[in-house]
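**Q** Residue numbers (full-length UniProt numbering): 1 to 649. We treat Cβ as the ideally placed atom computed from N, Cα and C, and that holds for glycine.
1) Report all residues from its chain with a CB closer than 7 Å to the CB of residue 215; omit the five preceding and five following residues, and keep chain order.
2) Measure how close the beta-carbons of residue 140 and residue 155 come, nearest whole angstrom, since I'm counting them as under 8 Å.
3) Whole angstroms are fine: how far does the CA of residue 534 sit from the CA of residue 516?
4) Applying the criterion that 16 or more other CB atoms from any shown protein chain within 10 Å of the CB defines a buried residue, is residue 496 buried or exposed?
5) Helix, strand or coil for residue 146? Go by DSSP, reduced to three states.
6) Please identify the residue among 403, 359, 485, 413 whose C-alpha is closest to the C-alpha of residue 381.
7) By alpha-carbon positions, which one of 259, 519, 279, 301 ends up nearest to residue 236?
8) So residue 408 and residue 378 are supposed to be a Cβ contact under 8 Å. How far apart are they, rounded?
9) Any idea if residue 505 is buried or exposed, counting beta-carbon neighbours within 10 angstroms, 16 or more meaning buried?
10) In this structure, how does DSSP classify residue 605 when only helix, strand and coil are distinguished?
11) Given a threshold of 16 other Cβ atoms within 10 Å of its Cβ, counted over all protein chains shown, does residue 180 qualify as buried or as exposed?
12) Once DSSP output is grouped into helix, strand and coil, what is the label at residue 365?
13) So within the region 488-520, which uninterrupted alpha helix (DSSP H) runs reach at least 4 residues, ignoring any that extend past its ends?
14) On a Cα-Cα basis, can you pick out the residue from 633, 639, 552, 392 that is closest to residue 486?
15) Between 531, 113, 389, 398, which has its C-alpha nearest residue 670's C-alpha?
16) Within this structure, are the beta carbons of residue 526 and residue 513 separated by less than 7 Å?
17) Are the region 384-397 and the region 410-429 touching, with three or more C-beta to C-beta distances below 8 Å?
18) On the DSSP letters alone, give me the boundaries of the alpha helix (DSSP H) that residue 662 sits inside.
19) Which residues in the same chain have their Cβ closer than 6 Å to the Cβ of residue 268, if we skip the five residues on either side of it in sequence?
20) Consult DSSP for residue 28 and reduce its assignment to one of helix, strand or coil.
21) Report yes if the C-beta distance between residue 483 and residue 466 is below 7 Å; otherwise report no.
22) So within the region 217-272, which uninterrupted alpha helix (DSSP H) runs reach at least 4 residues, ignoring any that extend past its ends?
23) Can you name the start and end residues of the beta strand (DSSP E) that residue 392 belongs to?
24) Can the beta-carbon of residue 102 be found less than 7 Å from the beta-carbon of residue 137?
25) Taking buried to mean at least 16 other C-beta atoms within 10 Å of its own C-beta, is residue 114 buried or exposed?
26) Residues in its own chain within less than 8 Å of residue 131 by CB, not counting five upstream and five downstream?
27) Across the region 589-598 and the region 555-568, are there enough close Cβ pairs to call them in contact, namely three or more that are closer than 8 Å?
28) Could you tell me whether the region 103-110 touches the region 79-88, using the rule of 3 or more Cβ pairs below 8 Å?
29) Let me know if residue 204 comes out buried or exposed under the rule of 16 or more other beta-carbons within 10 Å of its beta-carbon.
30) For residue 454, I'd like the list of residues in its chain whose CB is within less than 7 Å of its CB, leaving aside the five on either flank, ordered along the chain.
31) Going by the DSSP bridge assignment, what does residue 350 pair with across the sheet?
32) Is it true that the CB of residue 604 sits closer than 7 Å to the CB of residue 557?
33) Could you pull the DSSP bridge partners for residue 197 from this structure?
34) Tell me, please, which residues DSSP counts as bridged to residue 184.
35) Between which two residues does the beta strand (DSSP E) holding residue 425 run?
36) Do you know whose CA, among 602, 157, 192, 213, lies nearest residue 257's CA?
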């Protein structure tokens with residue numbers, strides 16, 4: 001038996017837990033003295049839970065799935081104390097008849113007992129043993145065992161109501177994440193002297209949204225734009241600049257079309273031998289930091305930056321520029337480090353590094369002594385890990401770079417820059433943008449689609465759509481302009497983010513501007529309708545806040561209950577994306593939330609009016625609070641996706 005002071009400690013901790021999170025535990029300890037193993041696991045569970053709940057701010061949203069995992073984790077450990085790392089599977093139920101959540105661990109435990117202990121136990125018997133060991137808590141109303149051993153979980157209505165009230169009073173708060181970690185996200189990364197094209201769209205949109213999610217969750221996020229701003233191409237650009245604008249050092253050259261300027265210099269480089277020699281000399285002088293050549297390089301970079309910034313302003317993108325040039329001085333040390341540790345081989349004058357498991361070596365120095373993309377990527381990796389001290393490092397780069405990046409990551413691991421068990425280094429890969437013909441998205445002439453042209457086309461089509469709906473007759477010019485921008489850029493972003501980033505996706509203005517189905521146009525319209533319900537009932541924000549503190553959210557109607565549970569799944573959706581970096585899950589959730597709200601609104605009167613006069617007879621305030629909770633979660637979802645809703649549309 002436990003010593004008396006341990007029993008007292010458990011009682012005290014249980015009393016404490018009444019005031020924290022989802023674990024309002026009753027201090028009844030009758031019969032526990034004789035069940036040492038169960039009590040030990042229960043005590044550990046309670047201590048861990050208390051510690052975690054104390055670490056959360058009072059305002060953090062409860063992740064119900066995580067709460068249930070803690071509860072069932074403790075039950076499984078108490079039921080089977082000898083099992084190491086038993087499976088813990090808790091998911092939302094797909095149908096109301098199966099409860100609100102399901103614990104499906106029994107089947108997995110059956111297999112483990114058969115393999116490790118040669119015990120043949122039915123999943124149903126295991127499920128029964130688990131349910132008997134569920135610790136007292138404030139979120140589960142009842143559990144039922146169904147079929148071969150599924151445990152159906154029914155949530156308590158007062159628990160759900162309390163969580164919704166907390167959301168309304170405190171706003172949408174991130175779930176507690178524990179220690180604040182540093183996240184470095186590498187995204188967008190266009191090349192200087194080349195215009196941003198549709199291929200840069202995905203990295204820019206996905207990367208921005210990931211940053212917003214990690215920032216909301218409380219991480220310290222560094223957003224890096226790894227510009228292609230260094231290399232041999234600058235030799236030909238500077239040589240062409242000298243010829244075309246010989247007084248560039250004193251008079252700023254009027255380079256209006258940098259893309260045409262690049263093409264001209266490339267044509268000369270390919271056809272004029274003398275120009276080609278001079279271009280190589282320019283590279284040498286640039287790399288030796290000759291002031292005149294640095295000035296020429298800066299001029300070319302500045303022209304590009306201004307063009308990039310126009311796009312970033314349109315899409316509301318925030319980045320810190322840290323191009324390849326930033327890492328140039330570090331590259332010789334990278335080569336030396338790999339040499340000192342014996343990883344370098346010389347092949348036909350090149351210095352190469354073979355990484356176990358990867359057939360193609362990294363070339364860290366060319367035969368002429370120059371560095372490569374491999375060298376700059378290794379330098380960037382080391383700087384982010386060792387200088388920036390990143391806990392999580394995410395590269396939002398297309399799938400075509402997968403083998404290259406995995407080789408670079410493995411090289412960093414091989415040389416000892418990081419331990420993957422401690423530091424997470426991930427490639428958030430994405431597929432290509434296709435045209436409606438299912439081929440790579442191109443213009444009619446076969447050129448790559450310029451991103452600025454695409455955005456302008458989006459604005460035009462959004463305005464056409466709004467005018468088709470005769471919105472120009474009911475909105476002020478300012479409201480119409482705000483709706484145009486919201487729809488155009490929101491639809492372009494959402495069309496990308498709502499697809500699994502690992503797949504290619506078909507770019508279609510017609511589909512993305514459709515106000516039916518899983519599109520930004522539908523969600524933005526749904527959001528403005530939800531926000532208008534309270535406004536049209538003459539209920540202002542102050543009245544809603546007062547009601548949130550005083551009213552109990554009644555969830556008696558099945559559609560109220562369904563909506564309330566759907567709203568509260570938001571933290572678990574975010575937690576899943578923080579783990580797998582797949583943002584389409586959030587889009588699917590927002591669409592589910594909007595359609596669940598429509599079901600609720602069609603079946604539950606929020607505002608009752610006299611049929612003859614149209615006068616408001618009754619306001620069901622608890623239902624208006626459900627409207628407000630829905631809109632609040634949708635607004636935060638939009639914010640993470642980088643979409644700006646409008647009050648009138």
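**A** According to the structure shown:
1) For the purposes of this step, residue 215 is taken as residue 215 along the chain shown, with counting starting at 1. 221.
2) Residue numbering aside, residue 140 sits at position 140 when the chain shown is read from its first letter. Residue numbering aside, residue 155 sits at position 155 when the chain shown is read from its first letter. Contact between residue 140 and residue 155 holds, with the beta-carbon distance rounding to 7 Å and staying under 8 Å.
3) Taking the chain shown and counting its residues from 1, the one referred to as residue 516 is at position 516. Taking the chain shown and counting its residues from 1, the one referred to as residue 534 is at position 534. Roughly 24 Å separates the two Cα atoms.
4) The sequence position of residue 496 within the chain shown is 496, counting from 1. Answer is buried; the Cβ neighbour count reaches 16.
5) Position 146 of the chain shown holds residue 146. In this structure, DSSP gives residue 146 an extended state, which the three-state scheme calls strand.
6) Along the chain shown, read from residue 1 onward, the residue named residue 381 stands at position 381. Ranking the options by Cα distance to residue 381, first place goes to 413.
7) Numbered from 1 along the chain shown, position 236 holds the residue referred to as residue 236. If we check each option's Cα against that of residue 236, 279 comes out closest.
8) Looking up residue 408 in the chain shown gives position 408. Looking up residue 378 in the chain shown gives position 378. Going by Cβ atoms, the distance from residue 408 to residue 378 rounds to 6 Å, so yes, they are a contact pair.
9) The count along the chain shown starts at 1 and reaches residue 505 at position 505. Note on residue 505: 16 or more other CB atoms within 10 angstroms of its CB, so buried under the neighbour-count rule.
10) Residue 605 sits at position 605 when you count from the first residue of the chain shown. Shown here, residue 605 sits in coil according to DSSP, grouped into three states, outside any helix or strand.
11) Taking the chain shown and counting its residues from 1, one reaches residue 180 at position 180. So residue 180 ends up on the exposed side.
12) Reading the chain shown from its first residue, position 365 is the one you call residue 365. In the structure shown, residue 365 adopts extended strand secondary structure according to DSSP, grouped into three states.
13) Qualifying alpha helix (DSSP H) stretches, in chain order: 509-512.
14) Taking the chain shown and counting its residues from 1, one reaches residue 486 at position 486. Nearest neighbour of residue 486 by Cα position, chosen from 633, 639, 552, 392, turns out to be 639.
15) Outside the shown range of the chain (1 to 649) lies residue 670, about which nothing can therefore be said.
16) To locate residue 526, count along the chain shown from 1; it is residue 526. To locate residue 513, count along the chain shown from 1; it is residue 513. Cβ distance not < 7 Å, so residue 526 and residue 513 don't count as in contact.
17) A contact exists between the region 384-397 and the region 410-429.
18) In this structure the chain extends from 1 to 649, so residue 662 is not present and cannot be described.
19) By one-based count along the chain shown, residue 268 stands at place 268. Cβ neighbours of residue 268 within its own chain (closer than 6 Å, five residues either side excluded): 275.
20) Counting from one through the chain shown, the residue named residue 28 turns up at place 28. Because the pLDDT of residue 28 is 44, which lies under 50, any placement of that residue in the model is unreliable, and the number read from its coordinates should be weighed accordingly. Note: residue 28 maps to coil in three-state DSSP.
21) On the chain shown, position 483 is the one that residue 483 refers to. On the chain shown, position 466 is the one that residue 466 refers to. In contact: residue 483 and residue 466 (Cβ atoms closer than 7 Å).
22) The region 217-272 contains these whole alpha helix (DSSP H) runs: 233-244, 258-271.
23) Residue mapping note: residue 392 aligns to position 392 of the chain shown, counting from 1. Per DSSP, residue 392 belongs to the beta strand (DSSP E) from 392-395.
24) Residue numbering aside, residue 102 sits at position 102 when the chain shown is read from its first letter. Residue numbering aside, residue 137 sits at position 137 when the chain shown is read from its first letter. Contact flag unset, no.
25) Looking up residue 114 in the chain shown gives position 114. Of the residues assessed, residue 114 falls on the exposed side of the cut-off, its CB having fewer than 16 other CB atoms within 10 angstroms.
26) Along the chain shown, read from residue 1 onward, the residue named residue 131 stands at position 131. Within the same chain, Cβ atoms closer than 8 Å to the Cβ of residue 131 are found at 75, 143, 145, 151, the five residues on either side in sequence being excluded.
27) For the pair of segments examined, the region 589-598 was found to touch the region 555-568: the number of CB pairs separated by less than 8 Å reaches three.
28) Under the three-pair Cβ rule at 8 Å, the region 103-110 counts as touching the region 79-88.
29) Along the chain shown, read from residue 1 onward, the residue named residue 204 stands at position 204. With 16 or more Cβ atoms within 10 Å of its Cβ, residue 204 is classed as buried.
30) Here residue 454 refers to the residue found at position 454 of the chain shown. Correct list, in chain order: 198.
31) Against the chain shown, residue 350 aligns to sequence position 350. Residue pairing by DSSP puts residue 350 in a beta bridge opposite 347.
32) Taking the first residue of the chain shown as 1, we reach residue 557 at position 557. Taking the first residue of the chain shown as 1, we reach residue 604 at position 604. Contact: yes.
33) Reading the chain shown from its first residue, position 197 is the one you call residue 197. DSSP lists 450 as the bridge partner or partners of residue 197.
34) In the chain shown, residue 184 corresponds to position 184, counting from 1. DSSP lists 222, 393 as partners of residue 184.
35) Against the chain shown, residue 425 aligns to sequence position 425. Per DSSP, the continuous beta strand (DSSP E) segment holding residue 425 begins and ends at 424-427.
36) On the chain shown, position 257 is the one that residue 257 refers to. Among 602, 157, 192, 213, the Cα nearest to that of residue 257 is on 192.
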